[in-house]
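Asker:
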Amino acid sequence: MGINKKTQSCLAGIALMVWSRMALAAWEFNFQSPATKAAQTVIDLHNLMMIIIVVIFIGVFAVMFYSVFKHRKSRGHQAAQFHDNTMVEIAWTVVPLLILVAMAWPATKALLNMRDTSQADITIKATGYQWKWGYDYLKGEGEGIKFMSLTTTPADQIRGTAAKGGNYLLEVDRHVVVPVGKKIRMLTTATDVIHSWWVPALAVKQDAIPGYVRDTWFKAEKEGIFRGQCAELCGKDHAFMPIVVEVVSAEKYSQWVGEQKKQMAAAADEGGKTYSLNELMSRGEKVYAANCVACHQANGKGLPPAFPALDGSKLAKGPKKDHIAIVLNGKPNTAMAAYGGQLGDGDIAAVVTYERNAWGNKTGDMVQPADIQAARK
Amino acid sequence: MNQQASRYFVPNPSHYPLVGSAALFLLASGAVLWMNKIGAGPYVVLTGFAVLLFMLFGWFGRVIDESEGGKYNRQVDVSFRWGMSWFIFSEVMFFAAFFGALFYVRVLSVPDLASAEQQLLWPDFKAVWPSAGPKFAEQFTPMGAAGIPLINTLLLLSSGATLTWAHWGLLAGKRGQLKIGLMLTIALGLLFLSLQVYEYVHAYQELNLKLTTGVYGSTFFMLTGFHGLHVTIGATMLLVIFFRVMAGHFKPDHHFAFEAVAWYWHFVDVVWLFLFVVVYWL
Amino acid sequence: MEATHVHGAGHAHGDDHSHHPKGIMRWITTTNHKDIGTMYLWFSFAMFMVGGAMALIIRAELFQPGLQYVEPEFFNQMITLHGLIMVFGAIMPAFVGFANWMIPMMIGAPDMAFARMNNWSFWLLPPAGILLTASMFVPGGAAGTGWTLYPPLSIQMGIGMDMAIFAVHILGMSSIMGSINIVTTILNLRAPGMTLMRMPMFCWTWLITGYLLIAVMPVLAGAVTMILTDRHFGTSFFSAAGGGDPVLFQHIFWFFGHPEVYIIALPAFGVVSHVIPAFARKPLFGYTSMVYAIASIALISFIVWAHHMYVVGMPVAGQLYFMYATILIAVPTGVKVFNWVATMWRGSMTFETPMLFALGFLFLFTIGGFTGLVLSNTAVDVQLQDTYYVVAHFHYVMVAGALFSAFAAVYYWLPKWTGHMYDETLGKWHFWLSLISFNIAFFPQHFLGLAGMPRRIPDYALQFTDFNQVSTFGAFGFGLSQLLFLYVVLKTIRGGEKAAAKPWEGATGLEWTLPSPAPYHTFEEPPVLSEAKGHA
Ligand code: HEA
Ligand code: HEA
Ligand code: CUA
Ligand SMILES: [Cu+2]
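Chains as they are written, first to last, in the numbering used here: chain Z, 115 to 491; chain A, 39 to 320; chain S, -2 to 533.
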């Protein structure tokens, strides 16, 4: 054969490279390992369908390839001229129909179970925002807990100027904590566009539709951290709004609830407080970084024309009232959301103050939580 | 080749299609500019409209010449019949989208918004139709069925009758009946339109019922508006037919253009009946 | 893709056709179905290149995790335009092109029923194409909503969205006029003696496709009109605050969208139903059941739309209904697959390029159909909706399905169009390269989807890296292979072995009774069908 030494070693090299790459890599090719019965059911159903499908596929194409090899002209095969056979036609209409019915049966059972959200132990509402999730614990242990959950993957990892961390794109600042073995009913809704709350290991995916509440449920069988992503295109940062559910033991959960309650109490009574400009600025910078940079950018220059600059903006340098109003109420039919429902008085006061003093906007104005409280009326 | 003798007719090359495309391109880009309040939007739209009119005049003028020149044989006639039927079918489906939207909001979304599930978001919303949705704060009065809509229904129904009467005239060779029938039909159509304009003004000024009045206003004005647009188109086509009649066109056994417009008019009629029942009445 | 103007070969005709404009004006003003077919095909190929270039941008960005080449906004615009351009600009016009070229010749008609309107149907495409592609360059860029244009995201978009909406309107007009033309031609211009049940299968598929198009394109027009008024005139169709519902749009869109996928698939079925019998040298098996199968696919396709919306939160009864209805489609589609296999059974087969592409179609389309079946299972779809599994599914049915079938059609009819045989060796290379690179590009996407990679993201978690790299590799290979196709076609137009009137031994049908290249005007007098001549 004509393959010389050089080509041979070259091929061997490539093969080795490919192989070592394959050995190192994840090559995830199937469902994530299930953490709920429903997820296991989906896997079973999928396996069942795969078996049926593969068998039919092999059957059909075995016939075809047999024919392709045996009934070819080059082997001198003469064409038969038949072109109809009612019995065969009926058979291959009815048999697939029966197979399909057989497939629909377990699917129906699984689905009825997956959609039964009654008798939940805990009800949590997930609200999709561009581009983060907010959670409200509405019923059951932990009722009243409320927080935002934002991606923590740093921009330099995304931009490739820093090495990518272990849970790249799948990490958030605050996990949704739930107890193991309890039926959790998830309500989903959104404020701006459609998002979708999806955690593969739990086999829950439910679109979050602005103006409507939809529901689904899960009951985690094991403790652990399960990661998912927003699954409906929701604009620019659709890829960057992960979901992290942390399933813990009942005791750990109670403990977590206690901590949250304490923190919330501390945050609640700030309406009457006044802060110094420095306090407001440093807090405002954080709020800005968490909520506003996605559109208005860290340097305040925005991404015109879609997202206006705040640096030098007439609103940010004009009367405080209008500035507060747009942050509280947003602007309908644009990406600018109403932050009144998302952020507390303190945070809004801080971020408005920040915007009025950061970059070139050196207005020197201060906005206090009380101003926001007043503006809300 | 003698076209009349041959079974087939193939028209000569024509530049009108390209003109038509240019018109639509102008209309579309002008509308984009206009809606976004950029530059010369309205003028571009106007230009597009002018070009479109030019194209329609030229194109249909040619078709009329060919028809009167006896180039359309039985085969072409049947083609036209198929073509017009399918076109009307497509129009039916266009309205179906809006009727579908109306049924959907009435049967599904408005009741759903008031359901127990949605209490979380819209605590005191009640599902009553007509509804402008949970966030709509103003007062408005829905459009009743009695009064103008009822009159309009009668107008359109009788216009269907006068048109059929005109058709009988054409078939029987009674040109006078044909002309009077057509005139009556057009007059009834225009009366319908004027009453609709009056109704709209009334809605905006006295009932505070606008396009922006939630989903009721949206479906009401879009459905009746598109219907009104179709009446306008139909009336324009009737007018063209009328002029052709005056010019001595059409024979008892060869008048597809007349029939096509009549079909269209009846289609517009039927749409109105549906509208009257589901938009105004129920 | 016929380039020479062969005037009057074999047919006498008089003054009415003798003053044709020459040069560019010939193409602009033409009423000839062959010219118009040619323009459709070239337009479609150009759009395929544009849409394909966008796909390569998408795949390049997805080669590695992180953002490398494009910003997320731009990425979203690319997927939107890629989807719209491929569906409306590449695949649909390609099959309209085939219909224009072949249907009159297959049924013995001189031209399309409305030859002038036919020209307009075509010339509406470039303005729409311009609106779509130009929207990339306006402030705010093109619509970044995905080809499904879901509100409220589409309400947020800028000017590019309005341009897309009007482009859809114009495309819709073009499709409706084109379909009315095709349907009328088939119903009214068949040669005497060619009954409906004796007409070639390609005509049947187009008759039904035309019907589907006329039924659903207006619905899409209505849907985007509602978006337009929601955007600019304060209506509340898709806003809960005003009593509307964002999901309403999805219902209307998919009422169009699902039949749309069969609009893409049915003419492809038609082509394959000609190619397989021709190269198996054996009549199509089960002609009658094929016709019924197409009709049932079309009818069922109207009542299954919400299988794209399993996770919007519809009542469980709705989910069950749509699941049952959807899986039903597997039955008539299966009938077609079985009939094709039975056509090959005990034939006398050869494997020229058209046959290879038809077999590739059959094999890969069936895979795509099976994954569709997996998706139709609501419980499973909860895990797969909006993942790469869906992307894999629809590229199997649309690229390996419709596109491969279009390639089969081009190779099969190229001799009739140009009068030359294409280069068989290069054709085979094109097939094998396409087949292999296609699978490298799209098979791994099944795995990505199962493992949980969402679609429509410019950046992904690290565990998805490997298969994405394989996929990108395949996609570039597939793109390059298409340049070979262009070369083969150009070469055939410019010269090559003379093609006989019937270059394929097993081909049947009226089109093969005409000389190659087919004269500019054919069948000015209706051909006489002898009783013995059956359907194709
Ligand atoms: C040419 C286009 C085409 C075709 C033909 C199909 C065919 C089918 N499709 Fe597909 N589909 C798309 C194009 C197409 N699809 C597109 C573009 C999308 C995504 C849109 C978007 O979101 O952007 C989509 C998405 C899509 C979804 C939504 C997924 C999701 O978003 O969650 C579903 C779910 O049910 C589905 C199902 C099916 C089914 C059941 C078929 C069936 O018709 C397949 C039937 C065929 C077979 C089954 C194989 C042959 C049969 C046999 C050999 C018989 C024996 C078989 C058995 C008894 C099992 N498709
Ligand atoms: C029939 C329609 C059709 C066709 C033919 C294709 C063809 C291709 N598609 Fe597309 N695709 C869709 C319809 C289609 N697609 C739809 C509807 C969507 C959904 C959009 C949405 O989410 O809204 C989609 C989405 C989609 C995605 C998912 C995007 C996302 O969700 O983020 C991807 C990713 O890989 C992809 C890839 C490809 C590739 C690689 C090809 C290849 O087959 C293309 C091959 C062709 C070429 C490459 C062009 C020819 C060659 C050149 C231009 C020369 C230059 C070449 C080189 C230098 C190599 N497509
Ligand atoms: Cu939120 Cu995607
Ligand atoms: Cu579908």
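Note that CB positions come from ideal geometry on N, CA and C, so glycine has one too. None of the values given here were measured: they were computed from a predicted structure.
Within the continuous beta strand (DSSP E) that includes residue 144 of chain A, where are the two ends?
Answerer: Residue 144 of chain A -> no beta strand (DSSP E), and no H or E assigned at all.
Asker: Verify whether the separation of the beta carbon atoms of residue 433 of chain Z and residue 459 of chain Z is less than 8 angstroms.
Answerer: Result no, Cβ atoms of residue 433 of chain Z and residue 459 of chain Z do not sit closer than 8 angstroms.
Asker: So the candidates are Z/294, Z/324 and Z/217; which of them puts its Cα closest to the Cα of residue 372 of chain S?
Answerer: Among Z/294, Z/324 and Z/217, the Cα nearest to that of residue 372 of chain S belongs to Z/217.
Asker: With DSSP as the reference, label residue 316 of chain S as helix, strand or coil.
Answerer: Three-state DSSP puts residue 316 of chain S in a helix.
Asker: Should residue 320 of chain Z and residue 300 of chain Z be called a contact, given that it needs their Cβ atoms to be closer than 8 angstroms?
Answerer: Cβ distance < 8 angstroms, so residue 320 of chain Z and residue 300 of chain Z count as in contact.
Asker: Taking any Cβ of chain A, which residues in the region 301 to 317 of chain Z have a Cβ under 8 angstroms from it, in chain order?
Answerer: Taking 8 angstroms as the Cβ-Cβ cut-off against chain A, the residues of the region 301 to 317 of chain Z that qualify are 301 and 303.
Asker: Which runs of the alpha helix (DSSP H) at least 4 residues long sit entirely within the region 212 to 287 of chain S? Give them in chain order.
Answerer: Here the runs fully enclosed are 243 to 277.
Asker: Would you call the region 206 to 222 of chain Z and the region 321 to 335 of chain S touching, i.e. three or more CB-CB distances under 8 angstroms?
Answerer: Yes, the region 206 to 222 of chain Z is in contact with the region 321 to 335 of chain S.
Asker: Please determine, among A/105, A/175, A/85 and A/255, the residue with the shortest C-alpha to C-alpha distance to residue 282 of chain A.
Answerer: Nearest of A/105, A/175, A/85 and A/255 to residue 282 of chain A, Cα basis: A/105.
Asker: Quick check: what's the CA-CA separation for residue 260 of chain S versus residue 89 of chain S?
Answerer: Looking at the two C-alpha atoms, the distance is approximately 8 angstroms.
Asker: Looking at residue 264 of chain Z and residue 246 of chain Z, is the spacing between their C-beta atoms short of 8 angstroms?
Answerer: Yes, they are a contact pair.
Asker: Against chain S, does residue 151 of chain A count as a neighbour if the rule is that its beta carbon must be under 8 angstroms from one of theirs?
Answerer: It does: the Cβ of residue 151 of chain A has a partner Cβ on chain S nearer than 8 angstroms.
Asker: Output needed in chain order: residues of the region 353 to 386 of chain S with a Cβ under 8 angstroms from some Cβ in chain Z.
Answerer: Those residues of the region 353 to 386 of chain S that come within reach of chain Z (Cβ to Cβ, closer than 8 angstroms) are 356, 359, 360, 363, 364, 367, 370, 371, 374, 375, 376, 377, 379, 380, 382, 383 and 384.
Asker: Could you check which residue in S/87, S/53, S/94 and S/97 has the C-alpha nearest to that of residue 76 of chain S?
Answerer: Looking at the Cα atoms, S/53 is the closest of the given residues.
Asker: Residue 301 of chain A to residue 292 of chain A, Cα distance in whole Å?
Answerer: If I take the Cα positions, the gap works out to 16 angstroms.
Asker: Looking only at C-alpha atoms, which of Z/447, Z/279 and Z/293 sits nearest to residue 256 of chain Z?
Answerer: Nearest of Z/447, Z/279 and Z/293 to residue 256 of chain Z, Cα basis: Z/293.
Asker: Give the list of continuous beta strand (DSSP E) stretches no shorter than 3 residues that lie fully inside the region 310 to 340 of chain Z.
Answerer: Complete beta strand (DSSP E) runs here, min 3: 318 to 322 and 328 to 332.
Asker: So does the region 162 to 170 of chain A actually touch the region 243 to 252 of chain S, counting three or more Cβ pairs closer than 8 angstroms?
Answerer: These segments do not touch.
Asker: Anything in chain Z within Cβ reach of residue 425 of chain S, meaning under 7 angstroms, just list it in chain order.
Answerer: In chain order: nothing, as chain Z lies at least about 15 angstroms away.
Asker: With DSSP collapsed to three states, give me the class of residue 51 of chain S.
Answerer: Of the three classes helix, strand and coil, the one that applies to residue 51 of chain S here is helix, per DSSP.
Asker: Please classify residue 210 of chain A as buried or exposed, where buried requires at least 16 other C-beta atoms within 10 Å of its C-beta.
Answerer: Exposed, by the Cβ-count rule.
Asker: When you compare each of S/31, S/286, S/321 and S/490 to residue 520 of chain S by their alpha carbons, which one comes out closest?
Answerer: For the residues S/31, S/286, S/321 and S/490, the minimum Cα distance to residue 520 of chain S belongs to S/31.
Asker: Does the Cβ of residue 290 of chain Z have 16 or more other Cβ atoms within 10 Å, making it buried, or fewer, making it exposed?
Answerer: By the 10 Å Cβ count, residue 290 of chain Z comes out buried.
Asker: For residue 316 of chain S, count the other beta carbons within 10 Å of its own beta carbon; 16 or more makes it buried, fewer makes it exposed. Which is it?
Answerer: Flag for residue 316 of chain S reads buried.
Asker: Within this structure, are the beta carbons of residue 142 of chain A and residue 97 of chain A separated by less than 8 angstroms?
Answerer: Contact flag unset, no.
Asker: Would you mind sorting residue 246 of chain A into buried or exposed? The rule is 16 or more other CB atoms within 10 Å of its CB.
Answerer: Exposed, because fewer than 16 other Cβ atoms sit within 10 Å of the Cβ of residue 246 of chain A.
Asker: Under the DSSP definition of a beta bridge, which residues are partnered with residue 300 of chain Z?
Answerer: BP columns for residue 300 of chain Z point to Z/238 and Z/330.
Asker: Would residue 278 of chain Z pass as an interface residue toward chain S - the criterion being a Cβ-Cβ separation below 8 angstroms?
Answerer: Answer yes: the Cβ-Cβ gap between residue 278 of chain Z and chain S drops below 8 angstroms somewhere.
Asker: Cβ atoms of residue 303 of chain Z and residue 239 of chain Z: under 8 angstroms apart, would you say?
Answerer: Contact flag set, yes.
Asker: Could you give the distance in angstroms between the alpha-carbon of residue 151 of chain Z and the alpha-carbon of residue 346 of chain Z?
Answerer: In a straight line, the C-alpha of residue 151 of chain Z is about 25 angstroms away from that of residue 346 of chain Z.
Asker: If you run the structure through DSSP and keep just helix, strand and coil, what is residue 442 of chain S?
Answerer: Reduced to three states, the DSSP call for residue 442 of chain S is helix.
Asker: Shorter than 8 angstroms from the beta carbon of residue 244 of chain A to some beta carbon of chain Z?
Answerer: Not an interface residue.
Asker: Closer than 7 angstroms to a non-hydrogen atom of ligand 6 - does that hold for the CB of residue 305 of chain S?
Answerer: You won't find ligand 6 in this model; what it holds is ligand 1, ligand 2, ligand 3 and ligand 4.
Asker: Can you say whether residue 480 of chain S is buried or exposed, counting buried as having 16 or more other CB atoms within 10 angstroms of its CB?
Answerer: Residue 480 of chain S is exposed by the Cβ-count criterion.
Asker: Using a Cβ cut-off of 9 angstroms, pull out every chain Z residue sitting near residue 155 of chain A, in sequence order please.
Answerer: Here the neighbours are 301, 326, 327, 328 and 329.
Asker: Inspect the CB distances between the region 138 to 156 of chain S and the region 348 to 356 of chain Z and report whether three or more fall short of 8 angstroms.
Answerer: Yes, since at least three Cβ pairs between the region 138 to 156 of chain S and the region 348 to 356 of chain Z fall closer than 8 angstroms, the two stretches touch.
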